[in-house]
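Participant: Taking numbering that gives the first Met the number 0, the leading residue of the sequence shown gets 0, the next gets one more, and so forth. Quick one: the structure is below, and I'll ask about it shortly.
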Amino acid sequence: MSAPAAGPGTEPAEGLALPTVAVVGRPNVGKSTLVNRIIGSREAITEERPGVTRDRKEWTTSWLGQPFVVVDTGGWQPDGSGGELAALERKISAQSRKAALDADLAVLVTDVTTGVTDPDLATAELLWRRSGPVLLAVNKVDDEGREPLIWEFLTLGLGDPYPVSALHGRGCADLLDAVVGSLPEAGEPAAEEAAAAQADDLSTLSVAIVGRPNVGKSTLFNRLVGEERSVVHDLPGTTRDSVDTLVETPAGRLRLVDTAGLRRRSRVDEGTEYYATVRALRSVDRADVVLLMVDATQGITHQDQRLAERIDGAGCPILLLLNKWDLLDTEQRITIRTDVGDRLGFLSSAPALGISALTGRGVARIMTSLEETIEQYRRRIPTRAVNRAIREAQAAHPAPGGARVLYATQGATDPPTFTLFVNRRLPPTYLRYLQRRLAEIFDLGATPLKFHVRFR
Numbered sequence: 000m001s002a003p004a005a006g007p008g009t010e011p012a013e014g015l016a017l018p019t020v021a022v023v024g025r026p027n028v029g030k031s032t033l034v035n036r037i038i039g040s041r042e043a044i045t046e047e048r049p050g051v052t053r054d055r056k057e058w059t060t061s062w063l064g065q066p067f068v069v070v071d072t073g074g075w076q077p078d079g080s081g082g083e084l085a086a087l088e089r090k091i092s093a094q095s096r097k098a099a100l101d102a103d104l105a106v107l108v109t110d111v112t113t114g115v116t117d118p119d120l121a122t123a124e125l126l127w128r129r130s131g132p133v134l135l136a137v138n139k140v141d142d143e144g145r146e147p148l149i150w151e152f153l154t155l156g157l158g159d160p161y162p163v164s165a166l167h168g169r170g171c172a173d174l175l176d177a178v179v180g181s182l183p184e185a186g187e188p189a190a191e192e193a194a195a196a197q198a199d200d201l202s203t204l205s206v207a208i209v210g211r212p213n214v215g216k217s218t219l220f221n222r223l224v225g226e227e228r229s230v231v232h233d234l235p236g237t238t239r240d241s242v243d244t245l246v247e248t249p250a251g252r253l254r255l256v257d258t259a260g261l262r263r264r265s266r267v268d269e270g271t272e273y274y275a276t277v278r279a280l281r282s283v284d285r286a287d288v289v290l291l292m293v294d295a296t297q298g299i300t301h302q303d304q305r306l307a308e309r310i311d312g313a314g315c316p317i318l319l320l321l322n323k324w325d326l327l328d329t330e331q332r333i334t335i336r337t338d339v340g341d342r343l344g345f346l347s348s349a350p351a352l353g354i355s356a357l358t359g360r361g362v363a364r365i366m367t368s369l370e371e372t373i374e375q376y377r378r379r380i381p382t383r384a385v386n387r388a389i390r391e392a393q394a395a396h397p398a399p400g401g402a403r404v405l406y407a408t409q410g411a412t413d414p415p416t417f418t419l420f421v422n423r424r425l426p427p428t429y430l431r432y433l434q435r436r437l438a439e440i441f442d443l444g445a446t447p448l449k450f451h452v453r454f455r
């Protein structure tokens, strides 16, 4: 490794017009060790325990004559671990999140010995929101025997992983070649700086259009984007599958996501189509609302049913769109409505709209339903009303074994999330009963509710 610009004892960089590289990831994957390797000195503190790095720290360095600022961050912990350290963890994660979104380039560090974890997926989801480049480093690949394990990390949707050993330096030169190859010239603004300021508006809700191939997803996407609303910015996906577009609507700014058609796994070819499918499923997981399109002329297929189950499991509101409605006669429309009730009964609260993406018939109703769904998704309910509803539900149907909700409060929106303080464990079936009752009482429609249960 060539001599870096910053030697031992160099102060963190301040006010330099240099491109920035943020090294991010969950705790204890070797971020600080990699930073030390990059800057050529042990400036970042490293220990074999999580949480050592808490603040963002910056140093100037260079590679192949290209100077840049490297930013060491604390471990990204989106959910926190609770307890006395929860507030500190939230602050550390907030700093890491800001560094990841503000940098010209982000390097996500993962650990080959543990494989892909939920925090890795959460961090990758954050990095998808960037308009700038992201590199994926799989750390602790200390020898060739571990290299085949890196391909699991393709599921993060961040491109080909770079195998490195931050401790021994193995593979770090290849990673740095990619880093400087992706950076803007020193002293020049990043090419997409202005666009990123708009694209990274995290208050924007994501609406994914999902369905089997050839059901009309792209036709609907183009109609919603090109004819109904003003386009703010286009964000093309890294492969042929997903395209995100920000549009202004009466419900506010929305990020519409056009995804690849999802087929049965046995019919998915290797290569590009496989990763398109992975990316489409990731779009479902990070969506706030999903528009599930089916071809009404074909009825509800087994694949439609499986896809609906997958989306329902992601826990976001669903709008069911019965496309090519104009091609059906009255008897066929009755049949498809019955088919929806029989095969998609678990989506009974989801609006089912007959539309024609090609002609535009019924498309305006989509935006009306979206406005209602978004209002429900962001609704905040007074604590007094929540507890009154819980008491009524318990009086009508008490929990088994003397279990009771003593107190409840809404802790978050998007979707409405409630914390229940209980005297003993509540069965999952009873929690689902309470979710249904709250949804009915407060007219939350297809919006799923989340519960956090705490013992008192």
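Every residue gets a Cβ at the ideal spot worked out from N, C-alpha and C, and that includes glycine.
Nearest by alpha-carbon distance to G144: which of P160, T154, V111 is it?
Facilitator: For the residues P160, T154, V111, the minimum Cα distance to G144 belongs to V111.
Participant: In whole angstroms, what is the alpha-carbon distance linking A105 and V68?
Facilitator: Straight-line Cα distance between these residues: approximately 12 Å.
Participant: CB-CB under 7 Å to G170, same chain, minus the five flanking residues each way: which ones, in chain order?
Facilitator: Closer than 7 Å at Cβ, skipping near neighbours: V140, Y161, P162, V163, S164.
Participant: Measuring straight from C-alpha to C-alpha, what distance separates L433 and V421?
Facilitator: Spanning the two alpha carbons is a distance of roughly 13 Å.
Participant: Pick helix, strand or coil for D159, following the three-state DSSP scheme.
Facilitator: The answer is coil: DSSP assigns D159 none of H, G, I, E or B.
Participant: Considering only C-alpha positions, which residue in the set N386, A207, I373, V339 is nearest to H301?
Facilitator: Of the listed residues, the one whose Cα sits closest to H301 is V339.
Participant: Between the C-alpha atoms of K323 and V293, what's the straight-line distance to the nearest angstrom?
Facilitator: Computed Cα separation, rounded: 9 Å.
Participant: Per DSSP, K56 is paired with what?
Facilitator: In DSSP, K56 forms a bridge with D71.
Participant: Below 8 Å on the Cβ atoms is my contact criterion, and I expect L457 with G353 to pass it. Report the Cβ-Cβ distance as a whole number of Å.
Facilitator: Only positions 0 to 455 of the chain appear in this structure, which leaves residue 457 out of reach.
Participant: On the criterion of 16 or more Cβ atoms from any shown chain inside 10 Å, does S31 qualify as buried, or is it exposed?
Facilitator: The residue in question, S31, is buried, as its Cβ has 16 or more Cβ neighbours within 10 Å.
Participant: Measure the C-alpha to C-alpha separation of P399 and P381 and round it to an integer number of angstroms.
Facilitator: Between P399 and P381, the C-alpha separation is close to 27 Å.
Participant: Report, in whole angstroms, the separation of the C-beta atoms of F450 and L405, which I expect to be a contact under 8 Å.
Facilitator: F450 to L405, Cβ: 14 Å. No contact.
Participant: Across which residues does DSSP place F420 in a beta bridge pair?
Facilitator: Its beta-bridge partners are Y406, R453.
Participant: If we ignore side chains and look at the alpha-carbon of each, how far apart do V214 and D442 end up?
Facilitator: Using only the alpha carbons, I get a separation of about 31 Å.
Participant: Pop quiz: V23 and A99 are said to be a contact at Cβ under 8 Å. What is the actual Cβ separation, rounded to whole angstroms?
Facilitator: Sure, about 5 Å apart at Cβ, within 8 Å.
Participant: Spatial neighbours of A313 within its chain, please: C-beta separation below 7 Å, excluding the five flanking residues on both sides.
Facilitator: Around A313: V283, D284.
Participant: Give the secondary structure of A190 by DSSP, where H, G and I count as helix, E and B as strand, and everything else as coil.
Facilitator: With a pLDDT of only 40 at A190, under 50, the local geometry of the prediction cannot be trusted, and the value read off the model is given with reservation. The answer is coil: DSSP assigns A190 none of H, G, I, E or B.
Participant: Assuming contact is defined by CB atoms lying nearer than 8 Å, are D117 and D287 in contact in what I supplied?
Facilitator: No, the Cβ-Cβ distance between D117 and D287 is not below 8 Å.
Participant: Helix or strand or just coil, what does DSSP make of P66?
Facilitator: P66: strand per DSSP, three-state reduction.
Participant: Output needed for E146: all residues of its chain with C-beta closer than 7 Å, excluding positions within five of it in sequence on either side, in chain order.
Facilitator: Excluding sequence neighbours, E146 sits near V140, P162.
Participant: To the nearest angstrom, how far is the alpha carbon of L166 from that of L107?
Facilitator: Spanning the two alpha carbons is a distance of roughly 17 Å.
Participant: If you count every other CB in all the chains shown that lies within 10 Å of the CB of G29, and 16 or more means buried, which is it?
Facilitator: The residue in question, G29, is buried, as its Cβ has 16 or more Cβ neighbours within 10 Å.
Participant: Distance check for F152 and L223, CA to CA, integer angstroms please.
Facilitator: Between L223 and F152, the C-alpha separation is close to 34 Å.
Participant: Taking its Cβ as the centre, do 16 or more other Cβ atoms sit within 10 Å of F220, making it buried, or is it exposed?
Facilitator: Per the 10 Å Cβ criterion, buried.
Participant: Once DSSP output is grouped into helix, strand and coil, what is the label at L253?
Facilitator: Reduced to three states, the DSSP call for L253 is strand.
Participant: Could you have a look at S368 and say whether DSSP puts it in helix, strand or coil?
Facilitator: In the structure shown, S368 sits in a helix (DSSP, three-state: H, G or I).
Participant: Thinking just about the alpha-carbon of each residue, which of R403, P397, L430 is nearest to the one in R423?
Facilitator: Among R403, P397, L430, the Cα nearest to that of R423 is on R403.
Participant: Would the beta-carbon of A123 fall within 8 Å of that of G156?
Facilitator: Yes, these two residues count as a Cβ contact at 8 Å.
Participant: In the DSSP assignment, the alpha helix (DSSP H) including L33 goes from what residue to what residue?
Facilitator: 30–38 is the extent of the alpha helix (DSSP H) around L33.
Participant: Determine, using beta carbons only, whether D303 and R390 come nearer to each other than 8 Å.
Facilitator: Taking 8 Å as the Cβ cut-off, D303 and R390 do not qualify as a contacting pair.
Participant: For the alpha helix (DSSP H) containing T218, list its first residue and its last residue.
Facilitator: Taken as a continuous stretch (DSSP letters only), the alpha helix (DSSP H) holding T218 covers 216–222.
Participant: Alpha carbons only, please: which of R128, A392, Q409, I365 is nearest the one belonging to L245?
Facilitator: Selected option, being the one with the closest Cα: R128.
Participant: Tell me the DSSP bridge mates of G144?
Facilitator: Bridge partners of G144: none, in fact.
Participant: Look at L253 and L204 and say whether their C-beta atoms are less than 8 Å apart.
Facilitator: Result yes, Cβ atoms of L253 and L204 sit closer than 8 Å.
Participant: Which residues in the same chain have their Cβ closer than 8 Å to the Cβ of A438, if we skip the five residues on either side of it in sequence?
Facilitator: Only S348, G444, T446, L448 meet the Cβ criterion.
Participant: What distance in whole Å lies between the Cβ atoms of V34 and D71, which are believed to be in contact at a cut-off of 8 Å?
Facilitator: That belief holds up - the Cβ atoms of D71 and V34 are roughly 4 Å apart, short of 8 Å.
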